[in-house]
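Residue numbers (full-length UniProt numbering), protein chains in the order written: chain A, 1 to 403; chain B, 1 to 245. Comments concern the structure below.
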Amino acid sequence: MLSLRLARGAHPLVLLRRLLVALAAAGVGFLLLCSLGYAVAHPKATQESLVRLLWCAAPLAAVVQFALAVARNDPATRPRDGLDAIGLGPVRLSVLAATSTAIACTLGSAAALLVYLELRGNLGLTPLSGAASGLLDGRAALPWGAALTLLGLLPALSAGACAIALRPRKERAGGAPEATADGEAAPTTARAPRPSYAGLPWGVAIIACGLALEAYVGHGPAPAPNSLLALPGQEGGASPGLLGGWLLASLGLVLAGPGLTHWCGVLLSSGRPGATRLLAGRMLQDAATRIGRPLGVLCAVASGALAAVELYGAAWERSGPRPFGPLTGLGAAVVMACVTATAITAALDARQLRSDTASALHRLGVPASLLRGAAAVRSLVLLAVLAPLTWVIAELTALPLMR
Amino acid sequence: MVAPPDNDVLWARGLHYSYSGSPALTGVSIGVREGEILAVTGPRGSGKTTLLKCLSGQLLADPGEVWFNSAPVHTLSRGARERLRRERFGWIDSRPHLVPELTGWENAALPLLVRGTIHREAKRTATEWLERLDVGDCARKRPGALTQAQRQRVAIARALAADPTVVFADEPTAPLHQADRAQVLRTLTTAARSHQITVVLATLDEESTALADRTVTLVDGRRGGAIPAPDASEGEGRAACSVSA
């Protein structure tokens, strides 16, 4: 009840973010229902059904990440002095965050179920009813148990992720109050917190492994046709090695994100910097973990999208068979929207955590234009470093797949 | 508008301010002489912070006049008031409010860097001030690795390093223990006296008023007691400190 009351008085932007989570959840729920409907309608094509279900994992993961970012940024779930004093401390508030996330995802899933049934023609409420009964295999009856299990997957996963990620860290006796003020994301348990750039060598190594695997598999003999995984829009499918290489390269980008952000900051504040460069660089170093990880995911997805454009770009122009069905398009849209929204949310989160510093600087007479300039310099440097890197990795991953 | 007396570096008349309806200042007039240390005392909620914010141009009194060096502050635009704070004023808060990403000397040098001082010069000045305030070994540490007293000293160095005309200190010793408190306050006043810096010090404890030249008491947003003539106020401050001793 408290979460509903807090939501009622919340800022419209916060409500909008919750609504976006619900929308994304609806998209994923719809995809899951579609894969279930396909499996029910084609009981013989087990492998194809399984591959469809597996492809739903990507949007699912993106939505869980987005829901987590929104819950972390939600002002209702930040520890507050007054609430802590009456016993609603960080522990209870993490439960509250998990509940709100579960509610948003459940609402989205329910909407997905309604839309799915309506489009299949099971409900017959609107003129649109049954509009897509062919695509959604409307003839076969939907097993309710399976449908509800699949729909319950996302709320359970995202609520669990929230509860785990936002649970209060172990309290340190005599911890520095300034250090704990910078949020739940900071690893406060470790005596010497792991530097954010520790993942960079791993990331680079994994990217290299992925590219090498792809090159190796691409050059090797063609694998047996029954071991191929279906890739949307390609008749023959792709070998698991190629897909594995692609996934490894993406994983590497995600791991390398914080480190890249950190070194961008170091680069920016090197030499004898003025105030703008100094503030921009140091803030980038400090927020490397918070911003770098979503940025890494964003880069990975962007490089995947670029590689897909490389692969299928020609097919779009032809008037022949379209490579992407509407469901693939929906999945890709959900992933890209979620990942972009997560990165934006993380940036807003970082900005909110800096608001104390910003007001202190304002008292000193530091003009707001200087802080805005620092933010602009930061984003420009990140763009200048990450965009070419993303493009290069996309080109390299697409190279063996083109053959 | 009446031009203020010439010997006051900062002068305010009839300051009123209310935070969305709740009055914080109701008609405060005050004059700060060049090079003096003026203590503003009063219980919590008596408007000390608001007075300091009005004097430093962070808040605009409505109505009320603030004059700095015989030039009006209350008619300046927001940007001009920011520049004034940047170039002529220093501000020490009750909490250090250092930038957590920057090291000690970078924090102290920040106002200089913002002004456009060259890097080497800013670093030299900041390091000198840190050493003068006994926190020279904190120059390369982040605020997270410092104790509260060290952080507060870095904040004082930040305010003083920019060579301000007036420093506003809003309960600068509030988060500190007694021993640190006296020491921090003494370093601040000594540094201010040796560099001819005017200090407006808002404080709760009696001890700090002993270090001031003059004391002004605020009660519920107005000057407490009889409003003294500028000449008589010296005696008032001294009297207050002798009572406390």
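Note that CB positions come from ideal geometry on N, CA and C, so glycine has one too. Remember, it's a predicted structure, so these values are computed and weren't measured experimentally.
Going by DSSP, what residues sit across from Val99 (chain B) in a beta bridge? Residue 99 (chain B) sits at position 99 when you count from the first residue of the second sequence. DSSP output for Val99 (chain B) lists no bridge partner at all.
Interface residues of the region 365-377 of chain A facing chain B [CB-CB below 7 Å]: Gly365, Val366, Pro367 and Leu370
What's the C-alpha gap between Ala111 (chain A) and Ala174 (chain B)? Here the question's residue 111 (chain A) lines up with position 111 in the first sequence. Here the question's residue 174 (chain B) lines up with position 174 in the second sequence. Ala111 (chain A) and Ala174 (chain B): Cα-Cα distance of roughly 54 Å.
Using the beta-carbon of each residue, which ones in chain A are nearer than 7 Å to Glu82 (chain B)? Looking up residue 82 (chain B) in the second sequence gives position 82. Under the 7 Å cutoff, chain A gives Gly365 and Pro367.
Report the CB separation of Glu121 (chain B) from Asp286 (chain A) in whole angstroms; it is logged as a contact under 8 Å. Here residue 121 (chain B) is taken as the residue at index 121 of the second sequence, counted from 1. Here residue 286 (chain A) is taken as the residue at index 286 of the first sequence, counted from 1. About 26 Å separates the two Cβ atoms, so there is no contact after all.
Residues of chain B with CB under 7 Å from Asp137 (chain A), in chain order? For the purposes of this step, residue 137 (chain A) is identified with residue 137 of the first sequence, where counting begins at 1. Within chain B, no residue comes near Asp137 (chain A); the closest Cβ sits about 55 Å away, beyond 7 Å.
Does the Cβ-Cβ distance between Leu20 (chain A) and Val70 (chain A) come in under 9 Å? Here residue 20 (chain A) corresponds to residue number 20 of the first sequence, with the count starting at 1. Here residue 70 (chain A) corresponds to residue number 70 of the first sequence, with the count starting at 1. Closer than 9 Å, so yes.
With respect to the beta strand (DSSP E) encompassing Pro23 (chain B), which residues constitute its N-terminal and C-terminal limits? Against the second sequence, residue 23 (chain B) aligns to sequence position 23. Unbroken beta strand (DSSP E) run through Pro23 (chain B): Ser22 to Arg33.
Flag Asp349 (chain A) as yes if its beta-carbon sits less than 9 Å from any beta-carbon of chain B, otherwise no. Within the first sequence, the letter at position 349 stands for residue 349 (chain A). Taking Cβ atoms only, chain B never reaches closer than 9 Å to Asp349 (chain A), which makes this a no.
Examine chain A for any beta-carbon lying closer than 9 Å to the beta-carbon of His74 (chain B), and answer yes or no. On the second sequence, position 74 is the one that residue 74 (chain B) refers to. No - not a single Cβ of chain A is within 9 Å of the one on His74 (chain B).
Take the Cβ of Ala147 (chain A) as the centre, count every other Cβ of all protein chains shown within 10 Å, and call the residue buried at 16 or more, exposed below. For this step, residue 147 (chain A) is matched to residue 147 along the first sequence. Ala147 (chain A) comes out buried.
Could you tell me which whole alpha helix (DSSP H) segments of length 4 or greater appear in the region 81-132 of chain B? 104-115 and 119-132
Considering only residues of the same chain and omitting the five flanking positions on each side of Arg282 (chain A), which have a CB-CB separation below 8 Å? Position 282 of the first sequence holds residue 282 (chain A). Answer for Arg282 (chain A): Gly265 and Ser269, listed in chain order.
What residues are listed by DSSP as bridge partners for Tyr19 (chain B)? One-based indexing of the second sequence puts residue 19 (chain B) at position 19. B:Ser22, per the DSSP bridge assignment.
On the CB-based measure, 16 or more other CB atoms within 10 Å of its CB, does Ile291 (chain A) come out buried or exposed? Looking up residue 291 (chain A) in the first sequence gives position 291. When all chains shown are included, Ile291 (chain A) counts as buried.
Where Glu310 (chain A) sits in the DSSP three-state scheme: Position 310 of the first sequence, counting from 1, holds the residue named residue 310 (chain A). Glu310 (chain A) falls in the helix class under three-state DSSP.
Could you say if the region 247-263 of chain A and the region 30-37 of chain B meet the contact criterion of at least three C-beta pairs nearer than 8 Å? no
Paired residues, beta bridge with Thr217 (chain B) - DSSP: Mapped onto the second sequence, residue 217 (chain B) falls at position 217. In the DSSP output, where bridge partners are listed per residue, Thr217 (chain B) has B:Thr41.
Less than 6 Å between C-beta atoms, sequence neighbours within five positions excluded: which residues of the same chain meet that for Gly136 (chain B)? Residue numbering aside, residue 136 (chain B) sits at position 136 when the second sequence is read from its first letter. Result list for Gly136 (chain B): Leu130, in chain order.
Residues of chain B with CB closer than 9 Å to the CB of Gln285 (chain A), please, in chain order. As a working mapping, residue 285 (chain A) is identified with position 285 in the first sequence. Per Cβ cutoff of 9 Å: Glu101.
Partners in chain A for Glu106 (chain B), counting only beta-carbon separations shorter than 8 Å: Residue 106 (chain B) sits at position 106 when you count from the first residue of the second sequence. The answer, in chain order, is Leu278 and Arg282.
If we define contact as Cβ-Cβ less than 9 Å, is Thr99 (chain A) a contact residue for chain B? As a first step, residue 99 (chain A) must be located in the first sequence, where it is residue number 99. Thr99 (chain A) does not count as touching chain B.
Coarse secondary structure for Ala202 (chain B), derived from DSSP in three states: Start at 1 with the first residue of the second sequence, and residue 202 (chain B) comes out as number 202. Three-state DSSP puts Ala202 (chain B) in a strand.
Which residues share a DSSP beta bridge with Arg13 (chain B)? Numbered from its first residue, the second sequence carries residue 13 (chain B) at position 13. Answer is B:Glu65, bridged to Arg13 (chain B).
Does the CB of Thr357 (chain A) have a neighbour CB from chain B at under 9 Å? Here the question's residue 357 (chain A) lines up with position 357 in the first sequence. By this cut-off, Thr357 (chain A) is an interface position.
Does the region 24-37 of chain A come close enough to the region 93-109 of chain A that 3 or more CB-CB pairs lie under 8 Å? yes
Would you verify that the beta carbon of Arg8 (chain A) is, or is not, closer than 9 Å to some beta carbon of chain B? Within the first sequence, the letter at position 8 stands for residue 8 (chain A). Answer no: the Cβ-Cβ gap between Arg8 (chain A) and chain B never drops below 9 Å.
Beta-carbon proximity of Leu133 (chain B) to Pro172 (chain B), cut-off 9 Å: Position 133 of the second sequence, counting from 1, holds the residue named residue 133 (chain B). Position 172 of the second sequence, counting from 1, holds the residue named residue 172 (chain B). Taking 9 Å as the Cβ cut-off, Leu133 (chain B) and Pro172 (chain B) do not qualify as a contacting pair.
Can you list, in chain order, the residues of its chain whose CB lies under 6 Å from that of Ala126 (chain B), leaving out five sequence neighbours each side? Looking up residue 126 (chain B) in the second sequence gives position 126. Cβ within range, chain order: Trp105, Ala108, Ala109 and Ala161.
For Thr276 (chain A), I'd like the list of residues in its chain whose CB is within less than 7 Å of its CB, leaving aside the five on either flank, ordered along the chain. For this step, residue 276 (chain A) is matched to residue 276 along the first sequence. Within the same chain, Thr276 (chain A) has close Cβ partners Leu370, Gly373, Ala374 and Val377.
Please decide whether Gly274 (chain A) counts as near chain B, where near means a Cβ-Cβ distance under 9 Å. Residue mapping note: residue 274 (chain A) aligns to position 274 of the first sequence, counting from 1. Yes, because at least one Cβ of chain B sits closer than 9 Å to the Cβ of Gly274 (chain A).
Using a beta-carbon distance cut-off of less than 7 Å, what residues from the region 383-402 of chain A approach chain B? none
Three-state secondary structure (DSSP) of Val377 (chain A): By one-based count along the first sequence, residue 377 (chain A) stands at place 377. If DSSP states are grouped into helix, strand and coil, Val377 (chain A) belongs with the helices.
Taking all protein chains shown into account, do 16 or more other C-beta atoms lie within 10 angstroms of the C-beta of Asp81 (chain A), making it buried, or fewer, making it exposed? On the first sequence, position 81 is the one that residue 81 (chain A) refers to. So Asp81 (chain A) counts as exposed.
Is the beta carbon of Gly245 (chain A) closer than 9 Å to that of Ala198 (chain A)? Looking up residue 198 (chain A) in the first sequence gives position 198. Looking up residue 245 (chain A) in the first sequence gives position 245. Cβ distance not < 9 Å, so Ala198 (chain A) and Gly245 (chain A) don't count as in contact.
If you measure beta-carbon to beta-carbon, which residues of the region 40-66 of chain B are closer than 7 Å to chain A? Gln58
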